[in-house]
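Here the sequence shown stands for residues 4 to 327, numbered as in the working numbering.
Below is one structure, written out as C-alpha cells, with a few remarks after it.
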Amino acid sequence: MENTKYDVTALGELLIDFTENGMSAQNNPMLEANPGGAPCNVLSMLSRLGRKTAFIGKVGKDGFGELLRKAVEEQGISTEGLLFDENIHTTLALVLKKENGDRDFAFYRNPGADMMLQEDEVNEALISNSKIFHFGTLSLTDEPVRSATQKAVKCAKEAGACITFDPNLREPLWKSLEEAHEQVAWGLAQADVVKISDNEITWFTGLEDYDACLAKLQELFPNLKLICLSMGADGSIACNQKHKVFVPAYLQENTIETTGAGDTFCACMIDAVLKNGTDMDENALRQMLQMGNAAASIVTTKKGALRVMPSLNDVLALLAEREN
Numbered sequence: 004m005e006n007t008k009y010d011v012t013a014l015g016e017l018l019i020d021f022t023e024n025g026m027s028a029q030n031n032p033m034l035e036a037n038p039g040g041a042p043c044n045v046l047s048m049l050s051r052l053g054r055k056t057a058f059i060g061k062v063g064k065d066g067f068g069e070l071l072r073k074a075v076e077e078q079g080i081s082t083e084g085l086l087f088d089e090n091i092h093t094t095l096a097l098v099l100k101k102e103n104g105d106r107d108f109a110f111y112r113n114p115g116a117d118m119m120l121q122e123d124e125v126n127e128a129l130i131s132n133s134k135i136f137h138f139g140t141l142s143l144t145d146e147p148v149r150s151a152t153q154k155a156v157k158c159a160k161e162a163g164a165c166i167t168f169d170p171n172l173r174e175p176l177w178k179s180l181e182e183a184h185e186q187v188a189w190g191l192a193q194a195d196v197v198k199i200s201d202n203e204i205t206w207f208t209g210l211e212d213y214d215a216c217l218a219k220l221q222e223l224f225p226n227l228k229l230i231c232l233s234m235g236a237d238g239s240i241a242c243n244q245k246h247k248v249f250v251p252a253y254l255q256e257n258t259i260e261t262t263g264a265g266d267t268f269c270a271c272m273i274d275a276v277l278k279n280g281t282d283m284d285e286n287a288l289r290q291m292l293q294m295g296n297a298a299a300s301i302v303t304t305k306k307g308a309l310r311v312m313p314s315l316n317d318v319l320a321l322l323a324e325r326e327n
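Pasting the structure below:
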C-alpha cells in the first residue's frame, strides 16, 4: 500500500444537519443548515491533520446536494466518488437539544439520497488506492446502500487496506434494534479498528462495566486490532492486543453542543493508526487519546462539524495549555 493515492477513503451518508441557532422574534427555534454526516466529518478532520482523503456516497440533485458538494471540496476532500440522485432528495437531519443536554435526532430519510447508492456505483479505484477504508452503520440500514457498503468492504479487504468502523447508532433509522445489532456485528467482524461510544458498547454487549464490555468485544471479534471507546465527559479508553490506556476528557466551560465530537475523535484515532499502525505501545495509545479528546473538546465549542474542525495547531495549543 506504499504507493496509494489517498490516506483514507470513507463511504456513507452526507447530509444536512439542521441545528438550533437561537430564537426568532416569535420565540421559535431557528435552525441552521450545517453540512454533516459522520464519514465526511471524519474526513474533514483528517484533512485538517494533513491527510489526503476521498468520499464515496450520494446526495440529491438539489440545492442541498450542491451545498454539500461545495462544502466537502472546501475541506480538501476528493469528490470523485460523490454521485447525485435525480429522483431522491438529499437527506436531512434535525438535531434538537433536550433539557438534559443530550441531542434528539429526527431524520427526513424515507428515502434519502444517501440510501440510493448502488453496488455498481461504488468507486473501487478510490478504495483500492487508499491505505484506510472507513465506514459506519447508516449505510447498512437499507438497500441498496447496504449492498454497496458490503461491496466496498470486500474491495478494501482485497486491496489490503486497513478497515476502520464506527457503529454510530441512530435508533430512529432502524426498523428494529435487533436488525441494528445484527448489522453492527457484521461491521465489527469486518474491521481492524473500531471507534465505539459508551452507550453503543453497553447496548451491544448488554454489559454495564466498560472493562467487561471491551473484553467481550475482544472475545467476540478477535479480528479487532484496536478498540477506542469514547465516553464523552468521562474521557476515553484505547486497547489493542497488548495494552489498555485511559485518558480523561478535556472539559470546556464554553461547550455549546456535541455534534461531531465523536467524529473528530475518530479522525484522530485513524491519524494515529496511519502514523503508528495498530500495535501501539502505551505511550502512543495515550498520545492518540489525548489528541482525540482535545480535538473533540474544541469541536463542542462550535456549531456544526464538517466546516469547523480544529487545526492541528489548535489541538496542540489546547494540549500545551492543559499541561501547564
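Backbone N, C-alpha and C define an ideal beta-carbon position, used for all residues, glycine too.
Legend entry - Extent of the continuous beta strand (DSSP E) run through E35: 32-39
Inset, instruction - Taking only runs that begin and end inside the segment 94-159, name each unbroken alpha helix (DSSP H) of 4 or more residues, in chain order. - result: 127-131
Legend entry - Per-residue DSSP class, three states only, for K245: coil
Inset, instruction - Tell me the start and end of each unbroken alpha helix (DSSP H) in the segment 232-314 that is at least 4 residues and wholly inside, in chain order. - result: 264-279, 285-302
Legend entry - Nearest residue (CA-CA) to E35, options L319, V318, K305: K305
Legend entry - Residue from A287, A297, A188 whose Cα sits closest to the Cα of D237: A297
Legend entry - Closest Cα partner of A241 within the set D214, P114, A264: D214
Inset, instruction - Return yes when the Cβ of V11 is within less than 8 angstroms of the Cβ of L49, no when it is not. - result: yes
Legend entry - Other residues of its chain near Q186: CB distance less than 7 angstroms, five sequence neighbours each side excluded: T140, L143
Inset, instruction - Pair every Cβ in the segment 53-68 with every Cβ in the segment 76-95, then say whether three or more of these pairs are closer than 8 angstroms. - result: yes
Inset, instruction - Identify, in the order they occur along the chain, each residue of the same chain with its Cβ nearer than 6 angstroms to the Cβ of S131, setting aside the five sequence neighbours on each side. - result: A162
Legend entry - Endpoints, the alpha helix (DSSP H) within which K219 is located: 213-223
Legend entry - DSSP state of G79 mapped onto helix, strand, coil: coil
Inset, instruction - Taking 8 angstroms as the threshold, find out whether the segment 246-264 comes into contact with the segment 170-181 through three or more Cβ pairs. - result: no
Inset, instruction - Could you check which residue in H246, D266, I135, K278 has the C-alpha nearest to that of S233? - result: D266
Inset, instruction - Just tell me which of V62, S47, Y9 has its CA closest to the CA of R310. - result: S47
Legend entry - Limits of the beta strand (DSSP E) - the one that E23 falls within: 18-26
Inset, instruction - Output yes or no for whether 8 angstroms exceeds the beta carbon distance between I91 and P114. - result: yes
Legend entry - Residue range of the beta strand (DSSP E) that includes I166: 165-169
Legend entry - Spatial distance of A308 from A159 (CA atoms): 27 angstroms
Legend entry - Bridge partners - S50, DSSP secondary structure assignment: Paired residue(s): none; S50 is not in a bridge.
Inset, instruction - Please go through the same chain and pick out, in chain order, the residues whose beta-carbon is closer than 6 angstroms to the beta-carbon of N44, but skip the five residues on each side of it. - result: G263, D266, A308, L309
Legend entry - Run of the alpha helix (DSSP H) containing G190, from where it starts to where it stops: 180-193
Inset, instruction - Would you grab the beta carbon distance between C165 and V125 for me? Rounded to a whole angstrom, and I think it's under 8 angstroms. - result: Contact doesn't hold; Cβ gap of about 18 angstroms is too wide.
Legend entry - C-alpha gap between P147 and K61, whole angstroms: 12 angstroms
Inset, instruction - Check whether the Cβ of T304 lies closer than 7 angstroms to any heavy atom of the ligand HEM, and answer yes or no. - result: Among the components modelled here there is no ligand, and therefore nothing to report on the ligand HEM.
Inset, instruction - Identify whether T56 lies in helix, strand or coil by the three-state DSSP scheme. - result: strand
Inset, instruction - Pull up the distance between the alpha-carbon of E256 and that of M119, whole angstroms please. - result: 41 angstroms
Inset, instruction - With a threshold of 16 other CB atoms inside 10 Å of the CB of L244, please say whether the residue is buried or exposed. - result: The sequence as given places Gln at residue 244; Leu does not occur at that position. Q244 comes out exposed.
Inset, instruction - Could you tell me the distance, in whole angstroms, from the CA atom of L86 to the CA atom of R325? - result: 43 angstroms
Legend entry - Close beta carbons around H246, own chain, < 8 angstroms, minus the five adjacent residues each side: M283, D284, E285, L288
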